[in-house]
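Visitor: Residue numbers (my numbering): 4 to 111. For every residue, glycine included, the Cβ atom is placed at its ideal position computed from N, Cα and C. All values derive from a computational prediction rather than experimental measurement. Quick one: structure below, then a few questions.
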Amino acid sequence: MSSTIHLAIPAGDIETALAFYRDVLGCSTGNAELGRWIDVNFWGNELTLHQSEERLPSVRHDVDMGNVPVPHFGAHLSEADFQALKRRIEDSSFDYLDPPYRRFVGSV
């Protein structure tokens with residue numbers, strides 16, 4: 004059985020967001036309404052990026068391994084896929100809140 008999720012998020016400038024998700028992360032695109040929203044395939048899940056002027060709150064929570072932004076989401080990747088993606092992110096011109104890191108290595 005396979006389960007996927009749909010998550011819609013405010014993405015700021017849609018073209019900038021698309022450049023990150025498509026060109027850096029390698030996500031393919033799906034349905035879209037030009038200038039308003041676009042679906043990307045986020046490791047088998049439907050992530051809808053919405054053009055918005057809003058900014059997400061900059062809340063951080065302490066957890067067992069440090070301090071993380073909330074809200075946040077990620078993908079569970081193989082070691083090889085993680086290292087390749089980490090290199091692409093680090094080689095890009097995009098700024099990020101936290102550098103790419105591994106958490107819960109070896110657990111499900």
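Taking 8 angstroms as the threshold, find out whether the segment 32 to 40 comes into contact with the segment 95 to 111 through three or more Cβ pairs.
Guide: no
Visitor: Assign Leu10 to one of two classes, buried (16 or more other C-beta atoms within 10 Å of its C-beta) or exposed (fewer than that).
Guide: As a first step, residue 10 is located in the sequence shown; it is residue number 7 there, counting from the start. Counting C-beta atoms within 10 angstroms of its own C-beta, Leu10 has fewer than 16 neighbours from the protein chains shown and is therefore classed as exposed.
Visitor: Tell me which residues share the same chain as Ser31 and place their Cβ nearer than 8 angstroms to its Cβ, disregarding the 5 neighbours each side in the sequence.
Guide: Within the sequence shown, residue 31 is the residue found at index 28, counting from 1. Cβ within range, chain order: Arg25, Val43 and Asn44.
Visitor: Which residue marks the beginning of the beta strand (DSSP E) containing Leu88, and which one marks its end?
Guide: Mapped onto the sequence shown, residue 88 falls at position 85. No beta strand (DSSP E) holds Leu88; the alpha helix (DSSP H) holding it covers Glu82 to Asp94.
Visitor: Using 8 angstroms as the threshold, is the C-beta distance between Ala87 and Trp46 below it?
Guide: Taking the sequence shown and counting its residues from 1, one reaches residue 87 at position 84. Taking the sequence shown and counting its residues from 1, one reaches residue 46 at position 43. The answer is no: Cβ separation not under 8 angstroms.
Visitor: Would you decide whether Ala83 is buried or exposed? Buried here means 16 or more other CB atoms lie within 10 Å of its CB.
Guide: For the purposes of this step, residue 83 is identified with residue 80 of the sequence shown, where counting begins at 1. That one is exposed.
Visitor: Just grab the DSSP bridge partners of Gly69 for me.
Guide: Position 66 of the sequence shown, counted from the start, is the residue given in the question as residue 69. Answer by DSSP bridge pairing, in chain order: Val66.
Visitor: Can you give me the start and stop residues for the alpha helix (DSSP H) that Thr51 sits inside?
Guide: Along the sequence shown, one-based indexing puts residue 51 at 48. Run containing Thr51: none in the alpha helix (DSSP H); it sits in the beta strand (DSSP E), Asn48 to His53.
Visitor: Would you give the residue range spanned by the alpha helix (DSSP H) that Leu21 belongs to?
Guide: Locating residue 21 in the sequence shown gives position 18, counting from the first residue. Leu21 -> alpha helix (DSSP H) spans Ile17 to Leu21.
Visitor: For Asp42, does the three-state DSSP call read helix, strand or coil?
Guide: Here the question's residue 42 lines up with position 39 in the sequence shown. Correct three-state label for Asp42: strand.
Visitor: Pull up the distance between the alpha-carbon of Lys89 and that of Gln54, whole angstroms please.
Guide: For the purposes of this step, residue 89 is taken as the residue at position 86 of the sequence shown. For the purposes of this step, residue 54 is taken as the residue at position 51 of the sequence shown. Rounded to the nearest angstrom, the two C-alpha atoms are 26 angstroms apart.
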